[in-house]
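What follows is a single structure, written as structure tokens, with notes after it.
Numbering (the working numbering), first residue to last: 803 to 952.
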């Protein structure tokens with residue numbers, strides 16, 4: 803199971819660093835792709851020694867609820883988790899940004915602001931033994947949070 807998770811985290815990073823094609827059919831300020839409840843499943847993380855690690859939160863009920871009024875409510879029992887790597891419980895402002903212009907030196911990765919921090923974001927479909935469906939990956943700079951649609 804850990805090898806599968808590691809593979810998916812590496813694949814996620816590769817997807818984030820590849821070229822993209824801009825889809826002008828979606829409004830520039832469209833947050834609809836993030837609306838709803840998402841469960842934090844895994845976090846792929848790099849520590850200060852650049853040692854990769856995968857933290858499995860799939861058994862914890864940590865929910866990221868993106869509401870239509872640009873309010874993100876994060877709930878769940880993360881206090882009992884040692885060295886928790888996700889966002890803390892609470893309410894945050896969020897905004898999904900349009901895909902920036904692509905170029906030879908610029909990655910065209912959509913971004914989302916949560917609170918005061920801006921992160922790379924992308925969507926995909928995952929296949930695990932316990933889940934098959936939509937996934938959202940939020941790249942925080944040190945790691946990638948993988949959330950599954952509820």
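Don't be surprised by glycine CBs; every beta carbon is placed ideally from N, CA and C.
ask   = Just how far apart, CA to CA, sit residue 950 and residue 905?
value = In the chain shown, residue 950 corresponds to position 148, counting from 1. In the chain shown, residue 905 corresponds to position 103, counting from 1. Roughly 30 Å separates the two Cα atoms.
key: Cβ-Cβ separation, residue 882 to residue 891 (assumed contact under 8 Å), whole Å   = Your numbering for residue 891 matches position 89 in the chain shown. Your numbering for residue 882 matches position 80 in the chain shown. At roughly 12 Å, the Cβ-Cβ gap does not stay under 8 Å, so residue 891 and residue 882 are not in contact.
ask   = Apart from the five residues on each side of it in sequence, which residues of its chain come closer than 8 Å, Cβ to Cβ, to residue 861?
value = Reading the chain shown from its first residue, position 59 is the one you call residue 861. Here the set comprises nothing.
task = Assign residue 837 to one of three DSSP states: helix, strand, or coil.
result = Locating residue 837 in the chain shown gives position 35, where the first residue counts as 1. Three-state result, residue 837: coil.
query = What's the call for residue 898, buried or exposed, on a 16-neighbour Cβ count within 10 Å?
reply = Start at 1 with the first residue of the chain shown, and residue 898 comes out as number 96. Buried is the call here.
Neighbour-count burial assignment, residue 895, 16 or more Cβ in a 10 Å radius = What you label residue 895 is simply residue 93 of the chain shown in a count that begins at 1. So residue 895 counts as exposed.
key: Collapsed DSSP secondary structure at residue 900 in the structure displayed   = The residue given as residue 900 occupies position 98 in the chain shown. Three-state DSSP puts residue 900 in coil, outside helix and strand.
Bounding residues of the beta strand (DSSP E) (the contiguous stretch that carries residue 951) = Here the question's residue 951 lines up with position 149 in the chain shown. Where residue 951 is concerned, the enclosing beta strand (DSSP E) stretches over 945-951.
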